[in-house]
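Structure first, then comments.
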Amino acid sequence: MRGRIDAMAPRRRPKKVRVDFRQNRQVRRRQDDWTQRYRAGEPDLIDTEAVESVRAKGELSRRRTILVDEADRPLVDEALWRPGLVTKVHGLFCYVRDSAGQTWECTVRRVVRTLLIQTRTPVTVGDRVWFSDHSEEVGGRPVGVIERVEPRTSRLSRQVRGCREQTIVANADQLLALVSVAQPRLTPHLLDRFIVAALKGGLRPVLCFNKMDLLDDVPVIETREDRPLRMTAMDVIAEFQRLGYRCLCTSAVTGQGLDELREVLRDHTTVLSGQSGVGKSTLLNALQPGLNLPTRPVSRENEKGRHTTTLAELIPLDFGGYVVDTPGIRAFELWAVQPGELEAYFQEFVPHVPQCRFKSCTHRQEEGCAVVAAVERGAISERRYYSYLKMFSELQAAGDSR
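With the numbering used here as the guide, the letters of the sequence shown map in order to residues 34 to 435.
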């Protein structure tokens, strides 16, 4: 009965959109040098009337019309395509694994790339795509062209130079934010940023504190610049646990927490992200022997990690699920988070926000702010509140500069 109803339902007509042609960046050769050529004594000058041409100008000549569906995806015959999953992106090439487990080297159809650039969502690791088979043209080598990218269910994005979005991973269901308790030093504010980015992108945040074998050598952490606020690594872990976040304590050297980490990763698609040198690749090698991911020691001079993972890559786990190993970062700038919505991502603020005197309260200097009052009586962590203020100021400054 349903099939009959679906067959009788009127089909929606495709929508027309205008997209840009590829820009011609070559410098045009001048054609108005007739006087110079005449003075130079050139005997034969071509009659301009015989070769005169009309060049198109304006927006219409720089765009073309294509047909798209309701989700603005190009309409092409899906019967000729293969479904796949993007496992790695290297320059202009995307490596796509099909349903049979074979990896294809694919480029992206220009009209698709143009649409994605316009919406600032380039093809990235984790994208579900449809691609056409072009292996016959290259002697049977698995080569294809991505024809369409399916809508994303989640994403982890950050802001990069030029105020542009960099989507690191798509369609994952949880983010494993990895930090080390030492070498490099623990940075609680970075964890707060990861939590906000995960919640904004529709992922569940999980916090992992690595290198627990170095815990005895951890100095006191100072988390404020204007007035020192000293905490230990265990204080930071306990603070996030009180907020209800899943916290794991691991060590690839001693094996601490590896079994618990396997259970967290099992049957999930997990983004593994953190600073350079916190031990992401080392931890994955310990979880699944045989991966042999490259690792490098932390610099003794500045305790900063050295980049070993250069590309995000989707790795299947033998015990079930996938993990995306991402390149180490030095900074993580939030993307598409407005200053006014930041309070929603600090869950301990939420019960107090309705009690603020002003609806537009930013919880900084307003009179009658219930959040500030909660900080003063110890109901909200002073460190977390300072982290909120720092993020709010940065988001506000970024918005003013655009």
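The beta carbon of each residue, even a glycine, is placed where N, CA and C say it ideally should be.
Taking 8 Å as the cut-off, the beta carbon of residue 282 is found closer than this to the beta carbon of residue 242. Per DSSP, the unbroken alpha helix (DSSP H) holding residue 296 starts and ends at 291-298.
DSSP places residue 316 inside the alpha helix (DSSP H), whose first and last residues are 313-320. Inclusion of residue 236 and residue 208 in the CB contact set at 8 Å is warranted, their separation being smaller than that value.
Judged by DSSP secondary structure, residue 383 falls outside any beta strand (DSSP E); it is assigned neither H nor E. Here DSSP, grouped into helix, strand and coil, assigns residue 199 to strand. Taken through DSSP and simplified to helix, strand or coil, residue 177 comes out as strand. Counting only runs of 3 or more residues that sit fully inside the stretch 235-266, the beta strand (DSSP E) segments are 237-243, in chain order. Counting only residues of its own chain and dropping the five nearest sequence neighbours on each side, residue 365 has a CB closer than 6 Å to the CB of 191 and 226. A contact between stretches requires three or more CB pairs, one per stretch, nearer than 8 Å, and the stretch 293-313 fails this requirement with the stretch 262-271.
Within 10 angstroms of the beta-carbon of residue 68 lie fewer than 16 other beta-carbons, which makes it exposed. Going by beta carbons, residue 356 and residue 211 fall outside the 8 Å limit. According to the DSSP assignment, residue 210 belongs to the beta strand (DSSP E) that extends over 207-213. If you draw a straight line from the Cα of residue 133 to the Cα of residue 398, it is about 59 Å long.
When beta bridges are read from the DSSP output, residue 282 appears opposite 242.
By the beta-carbon neighbour count (other beta carbons within 10 angstroms, threshold 16), residue 367 is buried.
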